[in-house]
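S.K.: First the structure, then my questions, so here it is.
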RNA sequence: GUGGAUAUAGCUCAGUCGGUUAGAGCGUCGGAUUGUGGUUCCGAAGGUCGUCGGUUCGAGACCGAUUAUCCACCCCA
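Residue numbers (my numbering): -1 to 455.
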């Protein structure tokens, strides 16, 4: 046997069924984005490496897919560099482009590059694949889609609120039960400041992010290992153990870190956001989670994360505010806030919970069986009329056995089959079969068009 | 980058202590039924047991290497 073909690891094919379901998710997200006034843009799959490198930390750089220069890419490499075997230097010589790692950095580049054509605040959405060279595992791919919505050029917390509303709306429409977790980097900074470890904020946030996964004791151990003082760990403990309503948590937190300026600002922001949320009355549970940290280091204000209640798959959506993302591209002082829906994980959750409605499958509505040349000639004008009326219709291209044609219709999940053979045509009618119930009725072509273009669609 | 597991038909997997000719279910194809699918019955096709080497009279099974895949960690959507 020939070698079995395959796709690169972490990548996937999508069948017609999978695609109609994926499009159901994409369409829902797109509709909600547009409902809130976001406009669509696209950026290239590849970016200059100079745009991407250094934006995702040292780890991130390793996870970038690099594209080999075209032509004689080894031509410019000297003996010296080859002998050195320094991968990073060598990479710079033979690759100057990479596949995008997320949609936020290309968007920042876009904003800087097109600043004269954009009127701020700029609300954009973008639904495109991104690539990461990490090791795939459950719910984790090397090629996956992100659905991002960001607002840049506005500091208002109304934007944060709008994003929470959109999260709520999207998951309401998809019928996925979620918890929206909210936190604020400024509060985390305040905490770090108060326990006397202000410059260890990254280590601290990364560690406490794991709280619900590995427990308090392990978090403390990790903090100590990273060199955070025992005194600081002791001080941190009561803050991590805060309970109660959001207002109660904030009250206690204020006592604990109120003397930190940045901490106080954070508390204020969260209060304002929750006040807005109070007006919006979202269906999903929105809660303040002080242990929510999120990895991306560019967040400076609010951070969001969405988890599916009934499935264990990690976060299916997340985002936050970044005060100065465009600064690295030479455009300081532009604040942005955004969210990203992980369509692939949402798909996995919905599959697991069987949440896809039947209508999510897009297929032919009616198939005309093929009885031969004479019947074809009679059917084709009827099919044209159906299509004209917006009914997805087709005729089986071969005059195969009826059984075979029926089987094909069944597998394609066609809703109706029309049989117009010699008998029916003699009466000027067709036999319409409902594939779900098996019922058949003899109708005229006019009735057929009326029936199929009717309510059902 | 670190650790663990797996690899047998298109798919999911069984294969006992190393012993004759490699097993099932599902799927595919054909037929029962030349104008009726999703249910039933009958039949058929489909395998270099991931690859290379070793142990042995004998290897799908044991050992080594290699490749691929999956899972977990790190990190993340």
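Just so it is clear, CB atoms sit at the ideal spot from N, CA and C, and this is done for glycine as well.
#1: Could you check what DSSP says for residue 127 in three-state terms: helix, strand or coil?
#2: Restricting to Cα atoms, I'd like to know which of 329, 421, 180 and 342 is closest to residue 272.
#3: Hey, how far is the Cα of residue 57 from the Cα of residue 390?
#4: Okay, do the segment 162 to 178 and the segment 280 to 300 touch, 3+ Cβ pairs below 8 Å being the bar?
#5: Have a look at the DSSP bridge pairing and note the partners of residue 181.
#6: What do you reckon, are the CB atoms on residue 196 and residue 221 nearer than 8 Å?
#7: Using only alpha-carbon positions, find the residue among 234, 396 and 353 that is nearest to residue 374.
#8: Would you mind listing the beta strand (DSSP E) stretches within the segment -1 to 60 that are 3+ residues and don't spill past its ends, in chain order?
#9: Check each candidate in 377, 407 and 404 and name the one with the smallest Cα separation from residue 426.
#10: Once DSSP output is grouped into helix, strand and coil, what is the label at residue 133?
#11: What is the DSSP secondary structure of residue 68, reduced to helix, strand or coil?
#12: In angstroms with no decimal places, state the Cα-to-Cα distance between residue 128 and residue 105.
#13: To the nearest angstrom, report how far apart residue 268 and residue 182 are at their CA atoms.
#14: Contact between the segment 62 to 73 and the segment 102 to 121 is defined here as three or more beta-carbon pairs at a separation below 8 Å; is this criterion met?
#15: For residue 218, which residues in the same chain have their Cβ closer than 7 Å to its Cβ, ignoring the five residues on either side in sequence?
#16: With respect to the beta strand (DSSP E) encompassing residue 414, which residues constitute its N-terminal and C-terminal limits?
#17: On the three-state DSSP scale, how would you describe residue 98?
#18: Just to check my reading of the structure: residue 158 and residue 385 have Cβ atoms closer than 8 Å, yes? What is that Cβ distance to the nearest angstrom?
#19: On the CB-based measure, 16 or more other CB atoms within 10 Å of its CB, does residue 50 come out buried or exposed?
#20: Our contact map puts residue 110 next to residue 328 with C-beta atoms below 8 Å; I'd like the distance itself, whole angstroms only.
#21: By how many angstroms is the C-alpha of residue 4 removed from the C-alpha of residue 305?
#22: Can you tell which of 345, 451, 444 and 439 has the C-alpha that lies nearest to the C-alpha of residue 526?
#23: Going by the CB atoms, is the gap between residue 428 and residue 422 shorter than 8 Å?
#24: Excluding sequence positions up to five away, which residues of its chain have a Cβ less than 7 Å from the Cβ of residue 228?
#25: Going by C-alpha to C-alpha distance, which of 192, 439, 364 and 151 sits closest to residue 257?
#26: Whose CA, out of 68, 61 and 292, lies closest to the CA of residue 133?
#27: How far does the alpha helix (DSSP H) with residue 155 in it reach, from first residue to last?
#28: For residue 114 and residue 120, I'd like the C-alpha separation in whole angstroms.
#29: Tell me the rounded alpha-carbon separation between residue 139 and residue 99.
#30: Does residue 265 pass the burial test, meaning 16 or more other C-beta atoms within 10 Å, or should it be called exposed?
#31: Which residues in the same chain have their Cβ closer than 6 Å to the Cβ of residue 225, if we skip the five residues on either side of it in sequence?
#32: How about residue 162 and residue 284: are their beta carbons less than 8 Å apart?
#33: Starting from residue 248, trace the alpha helix (DSSP H) both ways and give me its first and last residue.
#34: Quick check on the burial criterion: 16 or more other C-beta atoms within 10 angstroms. Buried or exposed for residue 46?
#35: Starting from the C-beta of residue 380, find all residues in its chain whose C-beta is less than 6 Å away, skip the five residues before and the five after it, and write them out in chain order.
#36: If we ignore side chains and look at the alpha-carbon of each, how far apart do residue 156 and residue 11 end up?
M.R.: The structure says:
#1: strand
#2: The residue from 329, 421, 180 and 342 with its alpha-carbon nearest to that of residue 272 is 180.
#3: Taking the straight line joining both Cα atoms gives about 49 Å.
#4: yes
#5: 301
#6: no
#7: 396
#8: 44 to 46
#9: 377
#10: coil
#11: coil
#12: 13 Å
#13: For residue 268 and residue 182, the distance between alpha carbons rounds to 7 Å.
#14: no
#15: 231
#16: Unbroken beta strand (DSSP E) run through residue 414: 414 to 417.
#17: coil
#18: Going by Cβ atoms, the distance from residue 158 to residue 385 rounds to 46 Å, so no, they are not a contact pair.
#19: buried
#20: 7 Å
#21: 32 Å
#22: This structure leaves residue 526 out entirely; the chain is present only between -1 and 455.
#23: Note that the C-beta distance between residue 422 and residue 428 is below 8 Å.
#24: 222
#25: 192
#26: 61
#27: 155 to 172
#28: Cα to Cα, the separation comes out at about 12 Å.
#29: If you take the alpha carbons of residue 139 and residue 99, they lie about 12 Å apart.
#30: Counting C-beta atoms within 10 angstroms of its own C-beta, residue 265 has 16 or more neighbours from the protein chains shown and is therefore classed as buried.
#31: none
#32: yes
#33: 244 to 255
#34: Exposed is the label assigned to residue 46, since fewer than 16 other Cβ atoms lie within 10 Å of its Cβ.
#35: 443
#36: 40 Å
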